[in-house]
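Here's the structure we're looking at; comments come further down.
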Amino acid sequence: MKKLIMAAIACMMMLHANAQYADIGVHGGFGTTWLINNNVSDQGSNLDPEFSTAPVFGVHFNYSLSRHIGIGTEINYAVINQKYKGEEVGYTWTGKDRINYMEVPILFRLQSSAFYCELGPKFSFLAGAKSEIKPSLASIPGYSDQSVMSSYKNVVVSAVLGLGGNFQLARGWYLNAGLRFSWGLTDATKDFTDHPTLFPDYASTSTTYAHVSQSGDPDYKKTNIATGHILIGISRRFPY
Numbered sequence: 013m014k015k016l017i018m019a020a021i022a023c024m025m026m027l028h029a030n031a032q033y034a035d036i037g038v039h040g041g042f043g044t045t046w047l048i049n050n051n052v053s054d055q056g057s058n059l060d061p062e063f064s065t066a067p068v069f070g071v072h073f074n075y076s077l078s079r080h081i082g083i084g085t086e087i088n089y090a091v092i093n094q095k096y097k098g099e100e101v102g103y104t105w106t107g108k109d110r111i112n113y114m115e116v117p118i119l120f121r122l123q124s125s126a127f128y129c130e131l132g133p134k135f136s137f138l139a140g141a142k143s144e145i146k147p148s149l150a151s152i153p154g155y156s157d158q159s160v161m162s163s164y165k166n167v168v169v170s171a172v173l174g175l176g177g178n179f180q181l182a183r184g185w186y187l188n189a190g191l192r193f194s195w196g197l198t199d200a201t202k203d204f205t206d207h208p209t210l211f212p213d214y215a216s217t218s219t220t221y222a223h224v225s226q227s228g229d230p231d232y233k234k235t236n237i238a239t240g241h242i243l244i245g246i247s248r249r250f251p252y
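Residue numbers for the sequence shown follow the numbering used here, so the first one is 13 and each next one is one higher.
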């Protein structure tokens with residue numbers, strides 16, 4: 013046991029001695045966001061998800077454990093948008109679900125002096141959700157900015173993959189640029205199948221159709237969040 017403890021201490025000391033730098037900075041980005049659900053994709057012309065975009069921004073801290081290995085974490089405010097269009101008898105409609113999250117990714121990095129690849133989990137905490145429906149006929153009621161927070165899970169866990177580079181602007185200051193993709197591992201919408209009396213009066217389009225099969229029968233399917241963003245940031249490096 014004593015030898016094991018001494019080996020662990022020596023390993024920690026080596027990692028600390030080989031640490032190259034720590035980066036602290038801010039970043040923002042823009043990209044595509046999707047709520048992926050099998051029931052929704054099977055609805056045909058009744059319900060078609062459309063290409064949607066949304067922003068993300070936050071602060072980051074990255075620490076170099078060695079020359080080629082690092083770890084980083086962030087606190088982000090992220091928006092997930094999903095637009096829809098559909099057809100009913102005699103009219104068409106458009107809609108959008110907008111979900112806001114506070115996100116905390118924990119990312120492990122393989123890095124060189126300028127470029128990196130990152131991989132790890134992301135924890136998304138629900139901060140708000142609104143929905144809108146706009147029918148083409150004025151006689152058909154619609155709504156906008158309707159709160160639908162009760163339609164969504166409070167926490168979503170995703171897998172993240174990214175790549176990018178750090179480019180020196182001045183001594184100690186770096187421009188960060190990269191691509192990042194994520195896929196939700198846990199369900200984003202709530203399943204009301206066993207508790208239909210709890211189904212919200214105003215449910216999002218995503219949640220409503222997650223409960224309905226193409227034939228119109230009750231059949232809940234989970235919803236996965238998928239995103240792809242371009243990220244730009246600026247960092248202060250210590251020591252520089």
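Even glycine gets a Cβ: it sits at the ideal position worked out from N, Cα and C.
Any idea what DSSP makes of A222, helix, strand or coil? Position 210 of the sequence shown, counted from the first residue, corresponds to residue 222. DSSP places A222 in helix when its eight states are reduced to three.
Could you tell me the distance, in whole angstroms, from the CA atom of W46 to the CA atom of S78? Your numbering for residue 46 matches position 34 in the sequence shown. Your numbering for residue 78 matches position 66 in the sequence shown. Approximately 36 Å, taken between the alpha carbons.
Counting along the chain, where does the beta strand (DSSP E) carrying V168 start and finish? Translated into the one-based positions of the sequence shown, residue 168 becomes position 156. V168 -> beta strand (DSSP E) spans 167-182.
Once you ignore the five residues that flank I246 on each side, which residues in its own chain have a CB closer than 8 Å to its CB? On the sequence shown, position 234 is the one that residue 246 refers to. Only G37, V38, H39, L181, W185, Y186, L187, N188 meet the Cβ criterion.
If we cut at 9 Å on Cβ distances, does L173 have a partner in chain C? Although the question refers to chain C, the structure presented lacks it and comprises just one protein chain.
Residues in its own chain within less than 6 Å of I244 by CB, not counting five upstream and five downstream? As a first step, residue 244 is located in the sequence shown; it is residue number 232 there, counting from the start. Hits under 6 Å: A189.
Excluding five sequence neighbours on each side, which residues of the same chain lie with their C-beta closer than 6 Å to the C-beta of F179? For the purposes of this step, residue 179 is identified with residue 167 of the sequence shown, where counting begins at 1. Counting only Cβ-Cβ distances below 6 Å, and skipping sequence neighbours, we find L187.
At which residues does the beta strand (DSSP E) containing V91 begin and terminate? As a position in the sequence shown, residue 91 is number 79, starting the count at 1. Its beta strand (DSSP E) spans residues 81-100.
Output the distance between the C-alpha atoms of P212 and Q158, rounded to the nearest integer angstrom. Counting from 1 along the sequence shown, the entry for residue 212 is found at position 200. Counting from 1 along the sequence shown, the entry for residue 158 is found at position 146. C-alpha separation (whole angstroms): 12 Å.
From which residue to which residue does the alpha helix (DSSP H) around N50 run? If you number the sequence shown from 1, residue 50 lands on position 38. Start and end: 50-53.
Using the Cα positions of L16 and W195, report the straight-line distance between them to the nearest angstrom. One-based indexing of the sequence shown puts residue 16 at position 4. One-based indexing of the sequence shown puts residue 195 at position 183. In this prediction, L16 has a pLDDT of 43, which is less than 50 and means its spatial position is unreliable; what the coordinates show is noted afterwards. Near 38 Å, if we compare the C-alpha coordinates of W195 and L16.
Going by beta-carbon coordinates alone, are I242 and G43 separated by less than 9 Å? Looking up residue 242 in the sequence shown gives position 230. Looking up residue 43 in the sequence shown gives position 31. Contact: yes.
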